[in-house]
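J.:
Numbering (the working numbering), first residue to last: 991 to 1372.
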């Protein structure tokens, strides 16, 4: 593997995602969970400067000492930072200045990678590339939220092609009770939260080979599912009432017909497509309404080789917790995953916004139960 080639390709893909934006699009932060695209561009650059160039490239001159405060995300070890809710207030540095910063760091990284790095530094580099791939997906989801909440519903990219969904005519997949091995194995990259590989005992269960579609979810809406407390957790029911939720994110009822915001702009709802952009609360309520349930993350991983996945992240019934023997790395890198193992649910699979080569069966995504700006969907189990 040519490290410099991988680095340059990864960095270019980020810029390709942003190539469809206007300058004004880079700055907007409509809600706290959405970061302005320019912040992603700067933060992913800061990661390589902070964790590779500054400690390991002799003679490297930091681009701007103030950028550590601007582009540090959540690393307490690295120092103070702009709080997440204020990222949209950063009219300066400008988009042009941030791209200049990005080029400066990329040029330095190209010089640094002329020599073979040590095994430890190589590990940091590969982590950095995977970190950037995570932000590529966040960029797409954040851009969709930004444009999807513009009153004009502008298109992001008219040439965007959403991947086709594989549909199976078979019934629920039967999985036998027994002991299954869960977690990453092999020589490739994994995040620390995918370790250690361990055994779990599962009772027999059945799992759907297909994701729930818009048409199926529309039946829940038409059955007054959003107004029937019996299918909701207490916290979910409070969330529905407080936020007056009536449908998945990006759905709009216009003259009696459902429409949906996509990267092409506002379009009529495609009933055969998998339902997307829903919270865990909604996924749970729909499953309850159907008399079924969500799979656990362990059931999902055991059964995943037998169905198509990757169109959208799939909510599971598992809380985000450490695996047996989980350990955090020393220093700032140890803050990557472990500190978030509380009050979150695990999602499995990948989505159409996931960068190529970044998905695997053992990948553990995680979000809080009310969030739905990510590409999130439903697979049922029983």
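Glycine included, every Cβ here is placed at the ideal spot set by N, Cα and C.
With which residues is residue 1171 paired in a DSSP beta bridge?
T.: According to DSSP, residue 1171 bridges with 1189.
J.: Which residues in the same chain have their Cβ closer than 8 Å to the Cβ of residue 1068, if we skip the five residues on either side of it in sequence?
T.: The answer, listed in chain order, is 1040, 1058, 1062 and 1322.
J.: Would you mind reading off the limits of the alpha helix (DSSP H) that contains residue 1037?
T.: First-last of the alpha helix (DSSP H) with residue 1037: 1027-1038.
J.: So with Cβ pairs under 8 Å, would you call residue 1231 a contact of chain D?
T.: The chain inventory of the structure shown lacks chain D, comprising one protein chain alone.
J.: Sort out for me which residues DSSP pairs residue 1371 with in a bridge.
T.: The partner list for residue 1371 (beta bridge, DSSP) reads 1197 and 1283.
J.: Mind checking which residues open and close the alpha helix (DSSP H) that includes residue 1115?
T.: Counting along the chain, the alpha helix (DSSP H) containing residue 1115 begins and ends at 1109-1138.
J.: For residue 1183, write down the residues that DSSP places opposite it in a beta bridge.
T.: According to DSSP, residue 1183 bridges with nothing at all.
J.: Mapping DSSP to helix, strand and coil, what is residue 1223?
T.: Three-state result, residue 1223: coil.
J.: What are the complete beta strand (DSSP E) segments, minimum 3 residues, inside the stretch 1256-1326?
T.: Runs found: 1303-1309.
J.: Looking at residue 1336: is its Cβ nearer than 8 Å to the Cβ of residue 1362?
T.: Contact: no.
J.: Under the DSSP definition of a beta bridge, which residues are partnered with residue 1355?
T.: DSSP lists 1337 as partners of residue 1355.
J.: Please name the residue, chosen from 1034, 1342, 1116 and 1015, that lies closest to residue 1177 on a Cα-to-Cα basis.
T.: Minimum Cα distance to residue 1177 is reached at 1116.
J.: Under the assumption that residue 1103 contacts residue 994 (Cβ atoms under 8 Å), give the Cβ distance between them as a whole number of angstroms.
T.: About 4 Å separates the two Cβ atoms, so the contact holds.
J.: Quick one: residues in its chain with C-beta nearer than 7 Å to the C-beta of residue 1315, no 5 flanking neighbours on either side, listed in chain order?
T.: Answer for residue 1315: 1186, listed in chain order.
J.: May I ask you to report which of helix, strand or coil DSSP gives residue 1217?
T.: Reduced to three states, the DSSP call for residue 1217 is helix.
J.: Which residue from 1222, 1218, 1205 and 1279 puts its Cα closest to that of residue 1247?
T.: Nearest of 1222, 1218, 1205 and 1279 to residue 1247, Cα basis: 1205.
J.: Any idea which residues DSSP pairs residue 1164 with across the strands?
T.: DSSP lists 1196 as partners of residue 1164.
J.: What are the boundary residues of the beta strand (DSSP E) that residue 1243 is part of?
T.: From DSSP, the beta strand (DSSP E) with residue 1243 extends over 1241-1244.
J.: Closest to residue 1328 by C-alpha separation, out of 1087, 1349 and 1184, would be which residue?
T.: When only C-alpha atoms are compared, the closest one is 1184.
J.: Look at the Cβ atom of residue 1192, then the Cβ atom of residue 1173, and state whether they are nearer than 8 Å.
T.: Contact flag unset, no.
J.: State the CB to CB distance for the pair residue 1292 and residue 1170, rounded to an integer number of angstroms; the pair is presumed to be in contact (CB under 8 Å).
T.: The Cβ separation is near 4 Å, so the contact holds.
J.: To the nearest angstrom, how far is it from the Cα of residue 1243 to the Cα of residue 1249?
T.: If you take the alpha carbons of residue 1243 and residue 1249, they lie about 6 Å apart.
J.: How many Å lie between residue 1101 and residue 1289 at the Cα?
T.: The straight-line gap from Cα to Cα measures roughly 46 Å.
J.: Check whether the stretch 1070-1089 touches the stretch 1306-1314, taking contact to mean three or more Cβ pairs, one atom from each stretch, closer than 8 Å.
T.: No, because fewer than three Cβ pairs between the stretch 1070-1089 and the stretch 1306-1314 fall closer than 8 Å, the two stretches do not touch.
J.: Please report the distance separating the alpha-carbon of residue 1136 from that of residue 1287.
T.: Approximately 31 Å between the Cα atoms of the pair.
J.: Would you mind working out which of 1351, 1345, 1022 and 1364 sits nearest residue 1123, comparing C-alpha positions?
T.: Among 1351, 1345, 1022 and 1364, the Cα nearest to that of residue 1123 belongs to 1345.
J.: Determine, using beta-carbon pairs with one atom in the stretch 1148-1164 and one in the stretch 1017-1036, whether at least three such pairs fall under 8 Å.
T.: No, because fewer than three Cβ pairs between the stretch 1148-1164 and the stretch 1017-1036 fall closer than 8 Å, the two stretches do not touch.
J.: Comparing C-alpha positions only, which one of 1330, 1297, 1273 and 1365 sits nearest to residue 1251?
T.: Residue 1365 is the option with its Cα nearest to residue 1251.
J.: Could you tell me the boundaries of the alpha helix (DSSP H) in which residue 1003 lies?
T.: First-last of the alpha helix (DSSP H) with residue 1003: 993-1008.
J.: Where does residue 1121 land, buried or exposed, given buried means 16+ other C-beta within 10 angstroms?
T.: Classification for residue 1121: buried.
J.: Rounding to the nearest angstrom, what Cα-Cα distance links residue 1155 and residue 1052 in this structure?
T.: Whole-angstrom Cα-Cα distance: 46 Å.
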